[in-house]
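Trainee:
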Amino acid sequence: MSQTVETPEDPILRASQTFGITPEQYMLPARGEIRMVDPTGRLLPAEEQGTEPGHEYPLPAGDVLLGAYEKLVVGRRVNDQNSALVRQGRMAVYPSSHGQEACQVAAALCLKEGDWLFPTYRDTVAVMTKGVRPLDVMSIFRGEWHGGYDPHEHHVGIQSTPLTTQLLHAVGVAHAAKLRGEDTVVLAMCGDGATSEGDFHEALNFAAVFKLPVVFFVQNNGYAISVPLSQQSAAPSLAHKAVGYGMAGERVDGNDLVALLATLGRAVDLARSESEPLLVEAHTYRMQAHTNADDATRYRDDAEVQEWIAKDPVTRMRAYLAGEGLLDDAAEQRIAAAAEDVAAALRDGMNADVQVDPRELFRHVYTEQTPQLAEQEQILAAELAREETAP
Amino acid sequence: MSTLQAPAPSGQTPAARPATFAQALNTALADALTADDAVVVFGEDVGTLGGVFRITDGLTQRFGRTRCFDTPLAESGIAGMAVGMAMNRMRPVIEMQFDAFAYPAFEQIASHIAKMHNRTRGAVTLPIVIRIPYAGGIGGVEHHCDSSEAYYAHTPGLKVFTPATVEDAYLMLREAIDSDDPVVFFEPKKLYWSKAPVDLAELRDRYENRAPERREGRAVVARTGQDATILTYGPSVPTALAAAAAAEAEGRSLEVVDLRSIVPFDDETVAASVRRTGRVVVVAEAPGFASVAAEIVARVQERCFHSLAAPVRRVTGFDIPYPSPKLEEYYLPSVDRILDAVDDLQWED
Chain A
1 MSQTVETPED
11 PILRASQTFG
21 ITPEQYMLPA
31 RGEIRMVDPT
41 GRLLPAEEQG
51 TEPGHEYPLP
61 AGDVLLGAYE
71 KLVVGRRVND
81 QNSALVRQGR
91 MAVYPSSHGQ
101 EACQVAAALC
111 LKEGDWLFPT
121 YRDTVAVMTK
131 GVRPLDVMSI
141 FRGEWHGGYD
151 PHEHHVGIQS
161 TPLTTQLLHA
171 VGVAHAAKLR
181 GEDTVVLAMC
191 GDGATSEGDF
201 HEALNFAAVF
211 KLPVVFFVQN
221 NGYAISVPLS
231 QQSAAPSLAH
241 KAVGYGMAGE
251 RVDGNDLVAL
261 LATLGRAVDL
271 ARSESEPLLV
281 EAHTYRMQAH
291 TNADDATRYR
301 DDAEVQEWIA
311 KDPVTRMRAY
321 LAGEGLLDDA
331 AEQRIAAAAE
341 DVAAALRDGM
351 NADVQVDPRE
361 LFRHVYTEQT
371 PQLAEQEQIL
381 AAELAREETA
391 P
Chain B
392 MSTLQAPAPS
402 GQTPAARPAT
412 FAQALNTALA
422 DALTADDAVV
432 VFGEDVGTLG
442 GVFRITDGLT
452 QRFGRTRCFD
462 TPLAESGIAG
472 MAVGMAMNRM
482 RPVIEMQFDA
492 FAYPAFEQIA
502 SHIAKMHNRT
512 RGAVTLPIVI
522 RIPYAGGIGG
532 VEHHCDSSEA
542 YYAHTPGLKV
552 FTPATVEDAY
562 LMLREAIDSD
572 DPVVFFEPKK
582 LYWSKAPVDL
592 AELRDRYENR
602 APERREGRAV
612 VARTGQDATI
622 LTYGPSVPTA
632 LAAAAAAEAE
642 GRSLEVVDLR
652 SIVPFDDETV
662 AASVRRTGRV
672 VVVAEAPGFA
682 SVAAEIVARV
692 QERCFHSLAA
702 PVRRVTGFDI
712 PYPSPKLEEY
722 YLPSVDRILD
732 AVDDLQWED
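Chains A and B supply the protein sequences, listed in that same order. Counted from 1, the first sequence has number 110 at position 110 by this note's numbering; the numbering is strictly sequential. Converting from the second sequence to this note's numbering requires adding 391 to each position, the first position being numbered 1.
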């Protein structure tokens with residue numbers, strides 16, 4: 001114990017010395033969610049931000065906030081463009097994060113270039129904010145291939161549909177980096193339903209035991225398809241789960257981009273400097289159905305949806321920036337035009353018919369094709385040749 | 392003390408000292424850790440204890456806790472973490488303590504380890520080896536004796552190896568670790584203590600200076616014969632060889648083919664043997680229904696139908712949960728059961 005007293009950089013000890021709180025009190029989330037800007041766009045005074053001793057967050061700089069706002073607007077535009085493309089039959093399915101874009105943008109922006117992001121299938125906007133071309137992100141949904149981008153290029157895990165499994169991949173990337181002495185931080189995203197899966201437990205436990213710099217970011221949007229949080233967990237909050245693993249947890253308003261940038265930014269900094277995992281739970285709302293195959297009216301009423309429209313992350317951020325004099329009409333027009341450009345490129349790309357060579361089916365099963373797959377490719381090649389020569 | 396550092400019995404040179412299957416695996420892991428800094432070994436009890444079967448004995452002491460380490464008790468966690476480590480330039484060799492204990496990891500193995508290369512159109516390779524001690528014959532309790540190879544063999548994207556000799560224990564584990572594809576590496580538990588006069592240092596030299604000729608994915612003729620072919624793998628290879636020896640005494644010459652690799656499957660070696668002998672018995676310990684043995688029979692009849700003098704017979708475990716220790720002798724393919732199947736191959740004499 002004497003050794004830990006001599007390391008006041010340790011955030012737990014610093015907090016316990018400064019505020020006279022226990023490590024458990026430090027690890028538990030603040031009493032309320034962290035919120036810096038209210039739904040009308042007003043910057044809350046410090047005493048109303050939900051913080052308490054050991055949970056202080058600095059306000060991000062103005063240029064950071066303006067840059068984040070642009071990503072937010074682009075993200076909203078991409079969500080709505082993709083939903084339109086589904087209606088037009090250009091895509092089979094799109095799980096929209098409309099309403100959750102502040103979480104998406106903050107998750108990507110709090111990371112440095114070499115850091116890794118592990119998204120879920122709903123995290124299209126986070127993935128493209130991390131640098132992946134929007135059109136490449138969409139190949140999984142337009143049915144061209146199961147994944148459309150190289151995870152190594154932008155340090156972004158591939159999106160897939162099993163729940164929570166990616167948290168362990170995030171742990172593995174962090175563990176490998178730590179063994180090599182690199183200071184990579186990994187941010188792993190999941191939803192509220194995913195916290196019920198066994199891999200959630202295994203990932204948090206592994207990360208805590210091995211002291212790995214992983215930020216587990218739970219986007220709690222209230223529903224796992226149709227099942228509400230009350231039937232998902234009896235915990236006081238999902239952030240409370242952290243203390244059981246020996247890590248700090250925090251709750252944040254998931255529609256407040258300012259608070260998200262501050263909270264996730266601090267979590268990433270702590271993960272990097274302390275080589276320890278943290279859990280951040282954001283409270284947000286999926287404004288649209290789970291996917292176009294879902295009927296959200298069967299499990300939630302319109303009054304609830306209306307309530308969340310008033311908390312929209314885009315209008316809130318716009319009001320805040322305008323009020324602070326950080327956003328004028330010219331900037332707003334430039335950002336809107338940038339969002340239109342992204343949407344137009346996406347639309348053009350999605351409307352182009354991409355030809356996939358069916359023989360590619362056999363090319364990436366193993367790094368070297370097995371004799372059995374070579375035979376099967378020949379069968380398909382013969383069928384294709386017959387089709388080509390058929391009258 | 393590590394098995395690696397065990398002194399040679401006096402009066403014998405290390406070269407003449409027989410090695411066990413377990414020692415061969417241990418040496419292969421040590422040599423792979425030496426050869427490539429990216430190789431890491433982890434799982435439950437593989438560190439200080441050296442594994443419940445001592446296959447990782449001495450590795451932590453010799454290579455440190457960053458190269459061979461214990462994990463929390465969580466098989467999905469072990470497999471899932473291996474995915475991320477492999478994505479981040481490492482070559483994880485993970486241990487699933489017993490066959491049936493791997494089932495919690497099945498989602499990670501089937502949904503991610505098997506598919507990541509395909510999902511990313513070849514951008515990500517996952518050089519992961521999943522070591523699974525498997526099959527019975529050791530008097531184990533329930534969940535410690537499953538032959539689960541069909542689950543993995545049925546999953547495209549996974550290679551499935553199972554060695555049956557001391558030499559192959561070494562060579563095939565090195566091949567598995569060097570493979571850029573994920574390999575499920577089934578170690579027949581009952582062979583861990585089998586011995587052969589193998590010089591492991593010589594094997595290391597042979598492997599590291601090996602000729603370009605491929606061994607990976609190839610079957611071997613473990614015993615040559617003219618009258619019928621026994622196609623088998625893993626724990627059943629010694630039983631098949633014993634059956635062939637007994638048949639020889641009765642004047643029947645049986646060839647034994649050790650498949651070694653279930654995926655990829657060596658159709659060439661199998662078909663060459665079957666076409667020569669015209670009679671086939673497939674021997675495997677797993678339940679026969681929807682099994683690897685069933686797949687082998689299908690492949691043989693597709694390719695060699697006109698060479699066959701009799702329907703292909705199977706000798707497998709019964710379609711029951713693996714039995715308790717006092718009953719396993721009735722379940723396992725035996726020499727007599729194999730010879731009975733051979734007798735059924737419509738002989739003209």
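Backbone N, C-alpha and C define an ideal beta-carbon position, used for all residues, glycine too.
Under 7 Å from any heavy atom of the ligand HEM, does the C-beta of D731 (chain B) make it?
Mentor: The model depicted lacks the ligand HEM and carries no ligand whatsoever.
Trainee: What do you reckon, are the CB atoms on A102 (chain A) and L260 (chain A) nearer than 8 Å?
Mentor: yes
Trainee: Kindly list the residues whose CB is nearer than 6 Å to the CB of A732 (chain B), restricted to its own chain and excluding five residues on each side of it in sequence; keep chain order.
Mentor: V672, R704, V706
Trainee: For a minimum of 4 consecutive residues, which ranges assigned as the alpha helix (DSSP H) are wholly contained in the region 218-253 of chain A?
Mentor: If you keep only unbroken alpha helix (DSSP H) runs of at least 4 residues inside the region 218-253 of chain A, you get 241-245.
Trainee: Please classify W308 (chain A): does DSSP put it in a helix, a strand, or coil?
Mentor: helix
Trainee: Within the same chain, show all residues whose beta-carbon is closer than 6 Å to that of R77 (chain A), passing over the 5 residues directly before and after it, in chain order.
Mentor: A339, A343
Trainee: Among the candidates A:R347, A:R363, A:Q376, whose CA atom is the shortest distance from the CA of Q81 (chain A)?
Mentor: A:R347
Trainee: Give a yes or no on whether the minimum CB-CB distance between G548 (chain B) and chain A is below 8 Å.
Mentor: yes
Trainee: Is there a Cβ from chain A that is less than 8 Å from the Cβ of D658 (chain B)?
Mentor: yes
Trainee: Taking the beta carbon of P483 (chain B) as the centre, do at least 16 other beta carbons fall within 10 Å, making it buried, or is it exposed?
Mentor: buried
Trainee: Identify each residue in the region 91-108 of chain A for which the Cβ-Cβ distance to at least one residue of chain B is less than 7 Å, and report them in chain order.
Mentor: Hits within the stretch: zero.
Trainee: Using a beta-carbon distance below 8 Å, is E202 (chain A) in contact with chain B?
Mentor: The beta carbon of E202 (chain A) falls within 8 Å of a beta carbon belonging to chain B, placing the residue at that interface.
Trainee: If distances are taken between C-alpha atoms only, which option among B:L517, B:R597, B:K717, B:D537 comes closest to P524 (chain B)?
Mentor: Ranking the options by Cα distance to P524 (chain B), first place goes to B:D537.
Trainee: Along chain B, in chain order, which residues have C-beta atoms closer than 8 Å to that of G147 (chain A)?
Mentor: R510, T511, R512
Trainee: Would you mind giving the Cβ-Cβ distance between R522 (chain B) and I485 (chain B), rounded to the nearest angstrom? I have them listed as a contact below 8 Å.
Mentor: 7 Å
Trainee: Can you give me the start and stop residues for the beta strand (DSSP E) that T620 (chain B) sits inside?
Mentor: 619-623
Trainee: Taking the alpha-carbon positions, what's the A208 (chain A) to V186 (chain A) distance?
Mentor: 13 Å
Trainee: May I ask which residues mark the beginning and end of the alpha helix (DSSP H) holding D348 (chain A)?
Mentor: 329-351
Trainee: Whole alpha helix (DSSP H) runs in the region 99-183 of chain A with 4 or more residues, listed along the chain?
Mentor: 101-109, 124-129, 134-137, 139-142, 151-154, 165-179
Trainee: Would you check if the region 654-663 of chain B and the region 631-640 of chain B touch, i.e. whether three or more CB-CB distances between them fall below 8 Å?
Mentor: no
Trainee: Three or more C-beta pairs closer than 8 Å, one from the region 494-512 of chain B and one from the region 357-370 of chain A: is that the case here?
Mentor: yes
Trainee: Between the alpha carbons of T367 (chain A) and R35 (chain A), how many angstroms are there, rounded?
Mentor: 49 Å
Trainee: So, helix, strand or coil for H290 (chain A), using DSSP?
Mentor: coil
Trainee: So which residues on chain B does D150 (chain A) lean against when the C-beta distance must stay under 7 Å?
Mentor: T511, A514
Trainee: Which residues bound the alpha helix (DSSP H) around G62 (chain A)?
Mentor: 62-87
Trainee: Can you pull the DSSP bridge partners for Y525 (chain B)?
Mentor: B:P579
Trainee: Considering only C-alpha positions, which residue in the set A:L238, A:A108, A:N351 is nearest to L135 (chain A)?
Mentor: Looking only at A:L238, A:A108, A:N351, the smallest Cα-Cα distance to L135 (chain A) is reached by A:N351.
Trainee: Could you check the C-alpha separation between S16 (chain A) and V258 (chain A) for me, to the nearest Å?
Mentor: 27 Å
Trainee: Determine the DSSP secondary structure at G708 (chain B), reduced to helix, strand or coil.
Mentor: Collapsing the DSSP output to three states places G708 (chain B) in a strand.
Trainee: What's the call for N600 (chain B), buried or exposed, on a 16-neighbour Cβ count within 10 Å?
Mentor: exposed
Trainee: For the beta strand (DSSP E) that contains A505 (chain B), what are its first and last residues?
Mentor: Per DSSP, A505 (chain B) belongs to no beta strand (DSSP E) and is neither H nor E.
Trainee: Can you name the residues of chain B whose CB is closer than 8 Å to the CB of T129 (chain A)?
Mentor: The premise fails here: T129 (chain A) is roughly 20 Å from chain B at the closest Cβ pair, so nothing lies under 8 Å.
Trainee: Tell me the rounded alpha-carbon separation between V5 (chain A) and T195 (chain A).
Mentor: With a pLDDT of 46 at V5 (chain A), under the threshold of 50, the predicted position of this residue should be treated as unreliable, and no value is reported.
Trainee: Output the distance between the C-alpha atoms of V611 (chain B) and V218 (chain A), rounded to the nearest integer angstrom.
Mentor: For the pair V611 (chain B) and V218 (chain A), the Cα-to-Cα distance works out to about 52 Å.
Trainee: If you measure from the beta carbon of T120 (chain A) to each beta carbon in chain B, is any gap under 8 Å?
Mentor: no
Trainee: Thinking C-beta only, is N221 (chain A) closer than 8 Å to G191 (chain A)?
Mentor: yes
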